[in-house]
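Below is one structure; the comments refer to it alone.
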Amino acid sequence: MARIVQRIVQKYGGSSLGDIDRIKRVAERVKAARDAGDEVAVVVSAMAGVTDQLADWVREVAPLHDAREYDVVVATGEQVTSGLLALALQDLGVPARSWHGWQLPIHTDDEHGVARIREVRTEDIERRLAEGEVAVVAGFQGVGSGGRVTTLGRGGSDTSAVALAAALGADRCDIFTDVEGVFTADPRIVAQARKLDKITYEEMLEMASQGAKVLQTRAVEIAMKHQVRVQVLSSFADTPGTLLVDEDEIVEQELVSGIAYSRDEAKITLVGVPDRPGVAAAIFGPLADANVNVDMIVQNVSADGASTDLTFTVAKADLEPAIAALERVNRDLEFKALKSDSNVVKVSVIGVGMRSHAGVARQMFQALADKGINIQAISTSEIKISVLIAEDYVELALRALHSAYGLDSR
Ligand code: ASP
Ligand code: MG
């Protein structure tokens, strides 16, 4: 009986392509999929560490660099691996060729360094896939409106893969990495963490945006929007990974599915802010103008009716520009003091189950209190509760929460 040809996108991360032997092993894996009769397009990252090195070189030459030239430099890591993998496949007798972003092309906007994909053209590779050729696509890169090379932000080859899978109408998008899938918590910190067989798109989106690094947030957004069947799995093992699914595909929904954390946080407190209408706008407006994203916000009611304190968090890299922007506007604002602290971590518990259950927050606060961990700020969404705590307590907090929600492996 004729087998139905499946169209598969495979993405390999930097550690899976970390040296020549590993690239050859990836080629074997790609060959196996193609030998099974499937159409295979592969998206590659740069070799582990290469993008960091390239970005360092850019900063060494010019700390305040032209973002267009930054992209020219950092996009090269993926060009190397796409060529090498195509060669390794050819060496195994598999017809293959490399594709760079501009060659497909993958059109993006012109936000160099953090570009967003507008359209992936697939006519050329579809024709060749049908002829049995493997397409090896350089991830992380595209081409802007003026024909210049763009990159999609760190971790962006996940997004390249999911966008390509969506454009190709692929049956599956397998994201091969160095971990076995998505875990209930970072297994390097929580020894009891378990691999999840399935996770909803929504939960994965929160996990990624709250600091879990398995997938780029934008990749999950595209997968959710276009219903791409994404699987995260290890290229070093032959075990099934974690599948991204819709909520109705999960039979036994846990209250909390996972715990994420982010060290990329800094806290700013404005002391003695006058308590009158328009003050929040006067503070957050200039921050937005300075391209500073504000995350958690805590404002006290004023005890004396005249002034109050305001605490909020920004990404670590935005701390200096945020302070500069606030000091510029302080002539009109007249707050008494500005304090900042970058030794803070945001810990988030995530689960669609909390939509229909009360008490999830109380459990979190109690578990932290039992360990003597002070909460500095809180924010919530329908399926997530985040707290800001001192950096020194992150391991303790993650382990305590993991047990409190019954996530520990048995
Ligand atoms: N090589 C790029 C990075 O290190 C893109 C990626 O690996 O996804 O960020
Ligand atoms: Mg990655």
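Under the working numbering, the first residue of the sequence shown is numbered 238, with each subsequent residue one higher. Ideal Cβ placement from N, Cα and C applies to all residues, glycine included.
Legend entry - Residues that DSSP places opposite Leu625 in a beta bridge: Lys583 and Ala614
Inset, instruction - Please state whether DSSP places Tyr630 in a helix, a strand or coil. - result: helix
Legend entry - Heavy atom of the ligand MG within 7 Å of Asp395 beta-carbon: yes
Inset, instruction - May I ask whether a heavy atom of the ligand ASP can be found less than 7 Å away from the beta carbon of Phe549? - result: no
Inset, instruction - Report the rounded CA-to-CA distance for Ile260 versus Leu329, giving the unit in angstroms. - result: 12 Å
Legend entry - Separation of Val582 from Leu612, as counted between CA atoms: Residue 612 is actually Ile in this sequence, not Leu. Approximately 10 Å between the Cα atoms of the pair.
Inset, instruction - Taking the CB atoms as reference points, tell me whether Ser577 and Ile505 lie closer together than 8 Å. - result: yes
Legend entry - Environment of Lys462 [buried if 16+ CB atoms lie within 10 Å]: exposed
Inset, instruction - Check whether the Cβ of Gly384 sits closer than 7 Å to any heavy atom of the ligand MG, and report yes or no. - result: no
Legend entry - Glu306 versus Gln378 - alpha carbon distance: 13 Å
Inset, instruction - State yes or no: is the C-beta of Val597 within less than 8 Å of the C-beta of Ile622? - result: yes
Legend entry - Own chain, CB closer than 6 Å to Ile487, minus 5 neighbours either side, in chain order: Lys435
Legend entry - Residue nearest to Val508 in terms of C-alpha spacing, selected from Ile620, Val535 and Val242: Val535
Legend entry - Separation of Gly274 from Arg240, as counted between CA atoms: 8 Å
Inset, instruction - Apply the 10 Å Cβ neighbour rule to Asp423 and answer buried if 16 or more other Cβ atoms are within range, or exposed otherwise. - result: buried
Inset, instruction - Give the DSSP-derived three-state secondary structure of Ile426 in the structure shown. - result: coil
Legend entry - Through-space distance from Asp541 to Asp532, alpha-carbon basis: 27 Å
Inset, instruction - Evaluate the contact criterion for the stretch 357-368 versus the stretch 281-291: three or more CB pairs, one atom per stretch, below 8 Å. - result: no
Legend entry - Cβ separation of Gly418 and Tyr498, assumed to be a contact under 8 Å, to the nearest whole Å: About 18 Å separates the two Cβ atoms, so there is no contact after all.
Inset, instruction - Jot down the residue ranges of each uninterrupted alpha helix (DSSP H) in the stretch 336-388, minimum 4 residues, whole runs only, in chain order. - result: 360-367
Inset, instruction - Examine the ligand ASP and report whether any of its heavy atoms sits within less than 7 Å of the Cβ of Arg353. - result: no
Inset, instruction - Check whether the Cβ of Gly522 lies closer than 7 Å to any heavy atom of the ligand SAM, and answer yes or no. - result: In terms of ligand content, the structure shown lacks the ligand SAM and carries the ligand ASP and the ligand MG instead.
Inset, instruction - Under the assumption that Ile426 contacts Val469 (Cβ atoms under 8 Å), give the Cβ distance between them as a whole number of angstroms. - result: At roughly 19 Å, the Cβ-Cβ gap does not stay under 8 Å, so Ile426 and Val469 are not in contact.
Inset, instruction - Using only the heavy atoms of the ligand ASP, determine whether one of them is closer than 7 Å to the beta carbon of Ser282. - result: yes
Inset, instruction - Just the C-alpha distance for Arg296 and Val310, rounded to the nearest angstrom, thanks. - result: 11 Å
Legend entry - Nonlocal neighbours in the same chain, by C-beta distance under 7 Å from Val589, ignoring five residues either side: Thr437, Glu439, Glu440, Glu484, Gln490 and Ile620
Legend entry - Bridge-paired residues (DSSP) for Arg409: Ile245
Legend entry - Beta-ladder partner(s) of Ile436, from DSSP: Leu481
Inset, instruction - Using only alpha-carbon positions, find the residue among Gln464, Gly384 and Arg266 that is nearest to Val399. - result: Gln464
Inset, instruction - Note the first and the last residue of the continuous alpha helix (DSSP H) segment covering Glu458. - result: Thr454 to His463
Inset, instruction - Going by DSSP, name the residue or residues bridged to Pro511. - result: Ser544
Legend entry - Environment of Ala518 [buried if 16+ CB atoms lie within 10 Å]: exposed
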